[in-house]
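Peer 1:
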Amino acid sequence: MTSLPNVPRPRRLALSAALLALLVLPDRGVPAAEPSAAARQAADQVLDYLASENDDLAAVALDRVRHGLKGSWFTRAACDRLSGLEAGRQAALADRGDAAAVSVAVKTLASSREPDLRAAAVQVVGRLGGAADVAILMTSLTADGPEREAARRGLVEIAGPDAAAAIRAAAGSGTPAARAIVIDVLAERRDRSALPVLTAAVTADDARLRGAALRALARFGGAAEIPAMVSGLLKSAAEERKEAELAIVSVCTVSPEATGATAALLERHRAADEAERRLLLPTLARVGGPRVMEIIDGMLGNPTTRPQAIDVLAKWPDASVKDRLLDMVGQATDPQERGLLLGALIRIAPLPDNKLDDRGKLELVRQTMTLCQTTDDRARLLERANAIRTIEAFRFVAPYLDDRSLAEPACRSVVELAHHQKLRDAHKEEFLVALDKVLATTADEELRERAIRYKAGRTWDRKQKN
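Residue numbers (my numbering): 56 to 521.
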C-alpha cells in the first residue's frame, strides 16, 4: 500500500481506502461492445482520480489506465480526461496497447505547441500507430528536444510489416540529416529487408548518410554487402575512414558470414588498382589471417612497400604475429622502422591470440619491456599491461610505482587492476599497499578518487564516476 505521510489522518484513511479500491479493480479482459454497469462504475472511479492533486491517487489511477480496464470505450474516456493534463500522465496511454488513443495523440500534435505534451503524443503514435502514422513521426524528427527523440524511438517501436516498408521508403527521401536518423532506426530494428537501402546509402555523397549506412551494415551486413562497403570506405574522407574500416572489420570477423565476407574483401583488394590497395590494406590488417599475411610477406621484401607493410603489421588484431615482430625488432637497423615494430609489439602484447594464456601474454610483455629504450615506450607498455587481469600482472606493474619516471603510468595500471573487485579482494593486503602509494604519488584527482573508493571496498562507475 502506498503511504500518505503528509496527509491528516482522517483524510489519509479516506485516500487509503480509495487507493485500495483502485488497486483491486478487476482487469475486465476484452469487454463486450457495450461495457457493463460495473465496468462503467469502475472506470468512473479511475477517471475521477486521474487529475487528483494527490500523487499517490493519481499514480494508482494511471496504473489502471495502463494495465487495468480494457476496451476502446475506456481508452476514449481516458483520452478525454487526460487531454488537459501534464505530459507525464498523458504518456500512460501509450502503455495501454489500444490504437484508439492514436487519433487523440494526432489531435494533440495538431493543436499543442507545448514540447512535453507533443513528446507524449508522439510516444503514443510510435507505440500504438501503424504504417499510416510513419509520416507523422518523420515530421517530428525535424523538431527539437524531447519530441525528436520520441519520434526516433517511435520509429524503432512502431509495428507491422507495412510500417517497416514505410520506414524503408522514408530512408530514401528527405534531408540527409533526417535520412541518417532513419537509417540508424533501420539498424536498431535489424530490418534485413533494408539491406538494398543501406547499400545504396553507403556510397552517398553526404558523409552522414555514408556513416549511418556503414554503422547499420556493421550490425547485420554480410558478404554480399562488402563490395558496397568498400566503395563507401574508398569514398570516405580521412577523418571518417576509420569508422568505415571498423564496420567492414566487424562484418569480416564477428558476423555469421565472416568467412565469406573476408573472401569478398580479399577479392575486392585483388581487383583494385594500386592506390585503392593502399587504402584497403589497413582494413585487411585489422581482419588478419593467413591470406592477409601472404600479402604482407610480399610487401616486406620490396624496399618501396616495406614501410607500409610494417605499418600494416602494427594494426594486426591479435598477438599471433608476436614471434615475427620480436625477430624483426631484433634485426631492425633503421630507428624509424624499429620504433614502428616496437609500437606494434607494445600494442599486441596483452592481446589474445587463441594460443597465449594470461601467463604467456605477461611473458610477452616482459620480453617487450627489455626491448624498450625510451621512457615513453616503457610507460605505454605499463599501461597496456593492465589488460591482463591477474595478480602476476599486478606484481609486474606495482614495483614501477617507486620509479619516478614511470610512477604515473604505473598508478594508472594499478588503479585499473584494482577496479576488478574479485582480483582486488583476493589479494587485499597487496592492493592496499599499492593504493596507498598511488595516493602518495599521483596528482590525478580521478585516480585518487578511485583509489580511495577501492581501499574502502567500494565500486566506481565508469559513466557516473561517483
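Even for Gly, the Cβ is constructed at its ideal location relative to N, Cα and C.
1. In whole angstroms, what is the alpha-carbon distance linking Gln422 and Pro216?
2. I believe Ala462 touches Leu456 by the beta-carbon criterion, under 8 Å. Please report the beta-carbon distance rounded to the nearest angstrom.
3. Kindly indicate the opening and closing residues of the alpha helix (DSSP H) around Cys466.
4. Would you grab the beta carbon distance between Arg274 and Ala242 for me? Rounded to a whole angstrom, and I think it's under 8 Å.
5. Flag this pair as yes or no: are the beta carbons of Arg361 and Leu355 separated by less than 8 Å?
6. Once the 5 residues before and after Ser310 are set aside, which same chain residues still bring their CB inside 8 Å of it?
7. Between the beta-carbon of Val211 and the beta-carbon of Val240, is there less than 8 Å?
8. Measure the C-alpha to C-alpha separation of Ala39 and Ser375 and round it to an integer number of angstroms.
9. Over the uninterrupted alpha helix (DSSP H) stretch that includes Ala404, give me the two end residues.
10. Taking Cβ to Cβ, would you say Val306 is nearer than 8 Å to Leu264?
11. In this structure, how does DSSP classify Cys307 when only helix, strand and coil are distinguished?
12. In three-state terms, what does DSSP make of Asp239?
13. Just curious, the alpha helix (DSSP H) that Arg323 is in, first and last residue?
14. If we call anything under 8 Å between Cβ atoms a contact, is Leu419 one with Leu411?
15. Starting from the C-beta of Pro81, find all residues in its chain whose C-beta is less than 7 Å away, skip the five residues before and the five after it, and write them out in chain order.
16. In angstroms, rounded to a whole number, what distance separates the CA positions of Leu77 and Pro201?
17. Of all the options Asp261, Leu253 and Ala262, which has the alpha carbon lying nearest to the alpha carbon of Glu280?
18. Three Cβ pairs or more, each shorter than 8 Å: is that satisfied between the stretch 364-374 and the stretch 327-341?
19. Check Gly356 in the structure and name its three-state DSSP category.
20. In three-state terms, what does DSSP make of Leu210?
21. Do Leu494 and Tyr509 have their C-beta atoms closer together than 8 Å?
22. Give me the Cβ distance between Arg203 and Gly181, rounded to the nearest whole Å; I'm assuming they're in contact under 8 Å.
23. Measure the C-alpha to C-alpha separation of Leu502 and Arg323 and round it to an integer number of angstroms.
24. Mapping DSSP to helix, strand and coil, what is Asp458?
25. Taking the CB atoms as reference points, tell me whether Pro405 and Ile443 lie closer together than 8 Å.
26. The alpha helix (DSSP H) with Ser286 in it runs from where to where?
27. Classify Leu196 as helix, strand or coil using the three-state DSSP reduction.
28. Closer than 7 Å by C-beta to Gly344: which residues in its own chain qualify, once you throw out the five before and the five after it? Chain order, please.
29. Which residue's Cα is closest to the Cα of Ala192: Arg168, Leu164, Leu172 and Glu169?
30. With C-beta atoms as the reference, is Ser195 less than 8 Å away from Ala219?
31. What does a CB cutoff of less than 6 Å around Val237 pick up in its chain, not counting 5 residues either side in sequence?
32. Quick one: grab the DSSP three-state call for Ala228.
33. How about Ala440 and Val452: are their beta carbons less than 8 Å apart?
34. What's the call for Arg173, buried or exposed, on a 16-neighbour Cβ count within 10 Å?
35. Just reading off the alpha helix (DSSP H) that Glu169 is part of, what are its end residues?
Peer 2: On the basis of the data shown:
1. In a straight line, the C-alpha of Gln422 is about 58 Å away from that of Pro216.
2. Indeed, because the Cβ distance is near 6 Å, the residues count as touching under 8 Å.
3. Run containing Cys466: Ala462 to Ala473, per the alpha helix (DSSP H) assignment.
4. Cβ-Cβ separation between Arg274 and Ala242: approximately 5 Å, consistent with a contact (criterion under 8 Å).
5. Result yes, Cβ atoms of Arg361 and Leu355 sit closer than 8 Å.
6. Within the same chain, and ignoring the five residues on either side of Ser310 in sequence, the residues whose Cβ sits closer than 8 Å to its Cβ are Phe275, Gly276, Gly277 and Ala316.
7. Yes, they are a contact pair.
8. Here the chain has residues from 56 to 521 only, and residue 39 is not among them.
9. Taken as a continuous stretch (DSSP letters only), Ala404 belongs to no alpha helix (DSSP H), as it is neither H nor E.
10. Cβ distance not < 8 Å, so Val306 and Leu264 don't count as in contact.
11. In this structure, Cys307 counts as helix in the three-state DSSP scheme.
12. Here Asp239 sits in helix by DSSP.
13. Counting along the chain, the alpha helix (DSSP H) containing Arg323 begins and ends at Ala313 to Ala326.
14. Closer than 8 Å, so yes.
15. Low confidence applies to Pro81: its pLDDT is 42, below 50, so where it sits in the model is not reliable, and the reading given next is rough at best. Correct list: empty, nothing qualifies.
16. Low confidence applies to Leu77: its pLDDT is 38, below 50, so where it sits in the model is not reliable, and the reading given next is rough at best. Rounded to whole angstroms, Leu77 to Pro201 spans 32 Å at the Cα level.
17. That would be Leu253, whose Cα lies nearest to the Cα of Glu280.
18. Inter-segment contact for the stretch 364-374 and the stretch 327-341 is present: three or more beta-carbon pairs are separated by less than 8 Å.
19. Looking at Gly356 - three-state DSSP - the assignment turns out to be coil, as it is neither helix nor strand.
20. The answer is helix: DSSP assigns Leu210 an H, G or I state.
21. No, the Cβ-Cβ distance between Leu494 and Tyr509 is not below 8 Å.
22. Rounded to whole angstroms, the Cβ separation of Arg203 and Gly181 is 12 Å, and the two are not in contact under 8 Å.
23. Between the alpha carbons of Leu502 and Arg323 lies a gap of roughly 47 Å.
24. Coil at Asp458, not helix or strand.
25. In this structure, Ile443 lies closer than 8 Å to Pro405 by Cβ.
26. Taken as a continuous stretch (DSSP letters only), the alpha helix (DSSP H) holding Ser286 covers Ile281 to Lys290.
27. Correct three-state label for Leu196: coil.
28. Its chain contains Thr317 as the residues whose beta carbon lies nearer than 7 Å to that of Gly344, once the 5 sequence neighbours on both sides are disregarded; these appear in chain order.
29. Here the sequence assigns Leu to residue 192, which means Ala is not the residue at that position. Residue Leu164 is the option with its Cα nearest to Leu192.
30. In this structure, Ser195 sits away from Ala219, with a CB-CB distance that is not shorter than 8 Å.
31. Short of 6 Å from the beta carbon of Val237, and not among the five residues preceding or following it, lie these beta carbons of its own chain, in chain order: Ala225 and Ala226.
32. The question names Ala, yet the displayed sequence has Ser at residue 228. When DSSP states are grouped into helix, strand and coil, Ser228 belongs to the coil group.
33. Cβ distance < 8 Å, so Ala440 and Val452 count as in contact.
34. Classification for Arg173: buried.
35. Glu169 -> no alpha helix (DSSP H), and no H or E assigned at all.
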